[in-house]
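Chains as they are written, first to last, in our numbering: chain G, 38 to 411; chain R, 3 to 529.
Idealized CB from N, CA, C, for every residue including glycine.
This structure is a prediction, so every number in the text was calculated from the model and none was measured.
Below you'll find the structure, written out as structure tokens, and then a few comments.
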Amino acid sequence: MSVELDRIGLAFVAVLAAAALVVPGLALATRPESAFHIPPYLVQLLGKYLCYAILAVALDLVWGYCGILSLGHGAFFALGGYAMGMYLMRQIGARGVYANPILPDFMVFLNWKALPVAWWGFNWFPYAMLMVVLVPGLLALAFGWFAFRSRVTGVYLSIITQAMTFAFYKEFFRNDFGFGGNNGLTDFKDLVGFSLQSAATKAALFSASAIALILAYLAARAIVGSKYGKALMAVRDAESRMRFLGYRVENYKLFAFVVSAVLAGVAGALYVPQVGIINPSEFAPANSIEAAIWVAVGGRGTLVGAAIGAIAVNFAKTYFTGALPEYWLYGLGGLFVLVTLFLPKGLLGLALRERETKPVVDTPAIAIEEGADR
Amino acid sequence: MALSLMMVLALSPAPEAHADALDDTLARFLADKFPETEKAVAELAAQAPPQGATILSALAENRLLYDAADRIVAYKTSAGALVNAKTGEPIPAANAAAFKKARVNNALRVAIEGAIGSLTLASPDPQKRVAAAQDVFRTRDSKALPALEAQLAKEKDPQATEALKLARAAIIAGADSASAQDRLAAIETLRARGDQDAQNLIDQIAQKATDAQVKAAAAAALSAIQMRLALWAAAQDLWYGLSASSVLLLAAIGLAITFGVMGVINMAHGEMVMLGAYATYVVQLILPPALQNWSLAFAVPLAFLVAGLVGVAIERLVIRYLYARPLETLLATWGVSLILQQAVRSIFGANNRQVTNPPFMSGALHLGGLEITTNRMWIIALAIVVFVALQLVLRATPFGLQMRAVTQNRRMAAAMGISTARIDMLAFALGSGVAGVAGVALSQIDNVSPNLGQGYIIDSFMVVVFGGVGNLWGTALGALTLGVANKILEPLVGAVQGQIVLLIVIILFIQKRPRGLFALKGRAVEA
Numbered sequence: 038m039s040v041e042l043d044r045i046g047l048a049f050v051a052v053l054a055a056a057a058l059v060v061p062g063l064a065l066a067t068r069p070e071s072a073f074h075i076p077p078y079l080v081q082l083l084g085k086y087l088c089y090a091i092l093a094v095a096l097d098l099v100w101g102y103c104g105i106l107s108l109g110h111g112a113f114f115a116l117g118g119y120a121m122g123m124y125l126m127r128q129i130g131a132r133g134v135y136a137n138p139i140l141p142d143f144m145v146f147l148n149w150k151a152l153p154v155a156w157w158g159f160n161w162f163p164y165a166m167l168m169v170v171l172v173p174g175l176l177a178l179a180f181g182w183f184a185f186r187s188r189v190t191g192v193y194l195s196i197i198t199q200a201m202t203f204a205f206y207k208e209f210f211r212n213d214f215g216f217g218g219n220n221g222l223t224d225f226k227d228l229v230g231f232s233l234q235s236a237a238t239k240a241a242l243f244s245a246s247a248i249a250l251i252l253a254y255l256a257a258r259a260i261v262g263s264k265y266g267k268a269l270m271a272v273r274d275a276e277s278r279m280r281f282l283g284y285r286v287e288n289y290k291l292f293a294f295v296v297s298a299v300l301a302g303v304a305g306a307l308y309v310p311q312v313g314i315i316n317p318s319e320f321a322p323a324n325s326i327e328a329a330i331w332v333a334v335g336g337r338g339t340l341v342g343a344a345i346g347a348i349a350v351n352f353a354k355t356y357f358t359g360a361l362p363e364y365w366l367y368g369l370g371g372l373f374v375l376v377t378l379f380l381p382k383g384l385l386g387l388a389l390r391e392r393e394t395k396p397v398v399d400t401p402a403i404a405i406e407e408g409a410d411r
Numbered sequence: 003m004a005l006s007l008m009m010v011l012a013l014s015p016a017p018e019a020h021a022d023a024l025d026d027t028l029a030r031f032l033a034d035k036f037p038e039t040e041k042a043v044a045e046l047a048a049q050a051p052p053q054g055a056t057i058l059s060a061l062a063e064n065r066l067l068y069d070a071a072d073r074i075v076a077y078k079t080s081a082g083a084l085v086n087a088k089t090g091e092p093i094p095a096a097n098a099a100a101f102k103k104a105r106v107n108n109a110l111r112v113a114i115e116g117a118i119g120s121l122t123l124a125s126p127d128p129q130k131r132v133a134a135a136q137d138v139f140r141t142r143d144s145k146a147l148p149a150l151e152a153q154l155a156k157e158k159d160p161q162a163t164e165a166l167k168l169a170r171a172a173i174i175a176g177a178d179s180a181s182a183q184d185r186l187a188a189i190e191t192l193r194a195r196g197d198q199d200a201q202n203l204i205d206q207i208a209q210k211a212t213d214a215q216v217k218a219a220a221a222a223a224l225s226a227i228q229m230r231l232a233l234w235a236a237a238q239d240l241w242y243g244l245s246a247s248s249v250l251l252l253a254a255i256g257l258a259i260t261f262g263v264m265g266v267i268n269m270a271h272g273e274m275v276m277l278g279a280y281a282t283y284v285v286q287l288i289l290p291p292a293l294q295n296w297s298l299a300f301a302v303p304l305a306f307l308v309a310g311l312v313g314v315a316i317e318r319l320v321i322r323y324l325y326a327r328p329l330e331t332l333l334a335t336w337g338v339s340l341i342l343q344q345a346v347r348s349i350f351g352a353n354n355r356q357v358t359n360p361p362f363m364s365g366a367l368h369l370g371g372l373e374i375t376t377n378r379m380w381i382i383a384l385a386i387v388v389f390v391a392l393q394l395v396l397r398a399t400p401f402g403l404q405m406r407a408v409t410q411n412r413r414m415a416a417a418m419g420i421s422t423a424r425i426d427m428l429a430f431a432l433g434s435g436v437a438g439v440a441g442v443a444l445s446q447i448d449n450v451s452p453n454l455g456q457g458y459i460i461d462s463f464m465v466v467v468f469g470g471v472g473n474l475w476g477t478a479l480g481a482l483t484l485g486v487a488n489k490i491l492e493p494l495v496g497a498v499q500g501q502i503v504l505l506i507v508i509i510l511f512i513q514k515r516p517r518g519l520f521a522l523k524g525r526a527v528e529a
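What follows is the structure, given as structure tokens:
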């Protein structure tokens with residue numbers, strides 16, 4: 038990691054830390070008519086972008102540093118979101134439409150008598166938070182163990198991860214799967230006793246997202262900067278050679294994959310209380326691919342760039358889907374094509390290239406022969 | 003129905019009361035009261051005069067008229083002429099003003115239908131007798147039983163006998179009291195028929211019978227029918243599986259070619275399929291009505307051309323710059339797919355477009371207990387033709403030879419003087435064109451919408467991952483396995499779980515064979 042990139046990272050952390058303090062301050066302490074006032078919906082929107090940024094950092098960790106283009110990270114994100122959603126669902130209690138103290142509304146509607154085992158314990162916040170981490174982590178562990186052990190790499194791996202999220206997408210759509218079917222989980226009331234409707238809670242969730250993004254970035258940076266991180270990048274560049282040198286390549290990949298999935302799960306858990314709903318469409322393969330383009334736009338293998346890319350693309354999405362809804366898909370599609378063709382190192386790569394004198398080293402011929410994917 | 007049945011019973015003691023019962027019966031129409039009309043219908047069925055069926059169908063179709071003053075009942079022929087119902091003599095048009103329509107209601111229509119059924123049982127045309135017997139089988143109208151028995155006694159036509167027996171069996175099954183002998187005979191007849199209807203009827207008999215022998219026969223017949231139905235159901239599942247496989251093969255084979263040759267996955271492959279389907283729609287729009295039946299003959303080449311050209315454009319403009327970066331090709335082609343979808347949405351609208359099946363592709367064949375829809379059959383045929391054609395291209399043309407060489411070892415092929423860039427372009431054109439042809443097939447069985455391709459893309463990938471890219475047979479075997487396995491799993495565990503099970507199986511499968519069933523071998527492909 039270059040010095041320049043580190044400096045940008047530091048600035049990024051500083052900006053985030055400042056935002057974590059200033060945004061709630063402006064949202065809560067100023068009057069609605071003040072020019073500095075940040076309305077609650079905007080706080081929520083910014084918080085949502087930050088969750089996407091965490092997901093992008095998670096994806097960059099595996100794609101940028103390990104060469105695994107996961108097209109299924111949306112699944113880890115959504116699973117974290119569902120774990121949080123289940124907690125929020127249980128918190129509704131007797132305030133639901135059917136006023137059942139134990140069963141969420143959709144279960145009463147489906148005429149279920151008892152709470153399914155999968156829902157047990159979710160009324161307890163620490164348990165729900167454990168699940169936010171554990172469920173995506175274990176899924177990634179199982180999936181990655183199978184995939185990396187059998188040396189599924191490159192596009193094969195991407196397709197298999199996409200199929201994984203597609204399977205979840207279909208499964209969660211079913212009503213009798215027990216997670217709300219196509220309506221998903223919604224109508225949340227409060228989080229550890231604070232009403233989700235209040236401006237203060239929204240501001241607090243924004244700050245939590247900003248802090249989570251800082252922590253995710255620092256964690257990913259620590260991993261990448263360590264000796265393990267060097268080996269990880271070596272695996273990315275010449276997998277066979279690392280294997281012949283005696284490294285257990287699959288373990289390196291697996292660790293990065295699981296950490297990344299956990300980060301994605303945390304992002305999903307922060308996302309759900311801010312948008313107020315989680316439904317199976319979060320599992321849609323298109324969402325996971327979109328996350329990849331955030332990383333590509335910002336700059337693969339930079340972490341900071343991924344986060345910036347997520348925020349920039351989503352800001353553009355919010356703007357264009359409002360202003361020119363017909364052209365947004367052209368824009369997004371064009372972004373995919375143009376960034377991959379002309380900006381392989383993303384916006385951050387473009388910014389850094391002007392200052393760096395060292396020429397960009399291309400994949401060595403030997404690595405191409407070995408089938409390394411960059 | 004029950005009411006009319008009671009009426010038949012009430013009337014039956016006095017059938018011979020008048021020399022000309024038909025006159026009395028027809029006189030009931032003059033009152034133009036529903037109960038009277040109903041009696042008349044029942045009497046017509048019981049007396050079975052030669053004019054009966056004509057009069058009844060005229061009544062059902064509101065063509066029966068009456069002149070209360072002159073006590074004449076008449077009907078209008080389809081040509082519009084007025085004819086005396088009893089004698090069949092024409093009535094002068096001048097008198098027509100005196101006639102009024104005999105009214106019918108829905109309850110009456112049901113009674114009329116039953117009465118016509120029992121009248122046509124005695125029709126001289128065996129086809130009509132069969133149709134009438136089948137009517138009785140459906141309605142299970144017990145008042146048709148005497149007519150059935152009478153006809154059965156003198157029936158010579160084997161087909162009609164069969165139909166009559168079945169109708170009788172159905173009535174006996176519905177009857178609360180019937181002799182054990184009758185019931186046994188009914189079970190035997192129904193067992194020979196052996197379908198879902200027969201099963202229900204035997205079930206009825208078993209519930210109503212008290213005789214142990216009848217019950218045992220019913221149980222034996224039921225298990226025999228169930229066995230037979232299960233076999234047919236399995237065959238039907240297999241057929242559905244084959245049909246699903248053919249669609250998968252059509253969608254996946256182009257992907258296998260492009261992935262095999264270039265090692266890049268074209269995420270816009272599904273959109274090539276979609277373009278093919280829209281090409282079919284456009285052909286249908288612009289073709290003059292005289293050529294409509296031949297629209298597919300125009301659609302297949304057009305779809306191949308359109309999708310192939312778009313494929314070449316994608317290859318030349320995007321993919322060719324990304325060969326060293328296959329992962330990014332995924333993203334770039336995904337972007338292309340978004341653009342294509344939105345473009346089609348802008349041009350044709352977001353709604354589904356209707357593509358009609360040409361006559362030779364609509365309808366269904368029945369083979370025993372199998373129902374074979376004709377369009378699916380043609381799609382299977384198309385899949386086979388496409389597969390054979392591609393094999394020929396790969397095995398018997400210089401282009402195919404070069405393509406296989408590039409697939410096996412790109413650098414070596416280039417060293418041997420093969421222009422790999424040209425092969426890439428042509429392979430992409432071929433793969434995309436085949437996807438367009440798949441779109442023509444899909445337009446016949448699925449909604450033509452901008453999202454058409456999305457539904458097939460992941461399944462196609464699975465086929466390629468499972469089958470490997472070394473050989474087109476791998477794709478065929480992959481499609482066949484996944485298609486049939488999916489349809490076999492569907493009734494067992496449900497549609498969604500079936501797909502999930504298959505996905506897990508594929509993930510486990512690539513543990514053993516990471517490059518699919520038919521993997522390329524050699525140093526060049528080993529990562």
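Mind checking if I314/G is an interface residue toward chain R, Cβ cutoff 8 Å exclusive?
-> no
Which runs of the alpha helix (DSSP H) fall wholly inside the stretch 372-407 of chain R and span at least 4 residues, in chain order?
-> 376-398
What residues are listed by DSSP as bridge partners for P128/R?
-> In DSSP, P128/R forms no bridge with anything.
Could you work out which residues of chain R lie near L372/G, taking near to mean beta carbons separated by less than 8 Å?
-> G337
Mind the definition here: the stretch 267-279 of chain G touches the stretch 98-113 of chain G only if three or more C-beta pairs lie below 8 Å; say whether that holds.
-> yes
Three-state class that DSSP yields for I314/G in the structure shown | strand
Between G191/G and chain R, is there a C-beta pair that is closer than 8 Å?
-> yes
Nearest chain G C-beta to I259/R closer than 8 Å, yes or no?
-> no
What residues in its chain sit with their C-beta under 7 Å from that of N219/G, if we drop five residues either side in the sequence?
-> F210, N316 and P317
Between G433/R and A281/R, what straight-line distance do the alpha-carbon atoms span, to the nearest angstrom?
-> 17 Å
Got a sec: which bits of the stretch 344-365 of chain G sit with their beta carbon under 9 Å from any beta carbon on chain R, in order along the chain?
-> E363, Y364 and W365
Kindly say whether T198/G, judged by its beta-carbon, lies nearer than 8 Å to any beta-carbon of chain R.
-> no
Against chain C: residues of the stretch 441-474 of chain R by CB proximity under 7 Å | Structure shown: chain C not included; protein chains present are G and R.
Straight-line CA distance for R44/G to A51/G?
-> 11 Å
In chain order, what residues of the stretch 273-287 of chain G put their CB closer than 9 Å to some CB of chain R?
-> E276 and S277
contact_flag[the stretch 155-170 of chain G, the stretch 72-91 of chain G] where n(CB pairs < 8 Å) is 3 or more | no
Count the other C-beta atoms from every protein chain shown that fall within 10 angstroms of the C-beta of Y356/G, then say buried if there are 16 or more, exposed otherwise.
-> exposed
Beta bridge counterpart(s) of F101/R as assigned by DSSP | F101/R is not bridged to any residue.
Coil, strand or helix - F225/G by DSSP | coil
Kindly indicate which residue of L186/R, A187/R, A221/R and V216/R has the alpha-carbon position closest to the one of Q201/R.
-> A221/R
Can L121/R and A47/R be called in contact, C-beta distance under 8 Å?
-> yes
Secondary structure of Y135/G, DSSP reduced to three states = coil
Buried versus exposed, by CB contacts within 10 Å (16 or more), L102/R | The question names Leu, but residue 102/R is Lys in the sequence shown. Label assigned to K102/R: exposed.
Determine, using beta carbons only, whether R44/G comes closer than 8 Å to chain R.
-> no
By Cβ distance below 6 Å, which residues in the same chain neighbour W380/R in space, the five residues on each side in sequence not counted?
-> M363
Given a limit of 9 Å on CB to CB distance, which residues of the stretch 346-359 of chain R reach chain G?
-> R347 and S348
With which residues is H368/R paired in a DSSP beta bridge?
-> E373/R
Using a Cβ cut-off of 8 Å (strictly closer), state whether V320/R contacts chain G.
-> yes
Please state if the CB of L454/R and the CB of A279/R are separated by a distance shorter than 8 Å.
-> yes
Is K207/G close to chain R, meaning its C-beta is less than 8 Å from at least one C-beta of that chain?
-> yes
A87/R versus V106/R, V308/R, L240/R and Q53/R, residue with shortest Cα-Cα distance | Q53/R
Is there a Cβ from chain R that is less than 8 Å from the Cβ of S187/G?
-> yes
V266/R lies in the alpha helix (DSSP H); which residues open and close that run?
-> Careful: V266/R lies outside any alpha helix (DSSP H) and carries neither H nor E.
Do L116/G and G302/G have their CB atoms nearer than 8 Å?
-> yes
Would L147/R pass as a contact of A134/R if the rule is Cβ separation under 8 Å?
-> no
Candidates I512/R, A76/R and R230/R: which alpha carbon is nearest A194/R's?
-> R230/R
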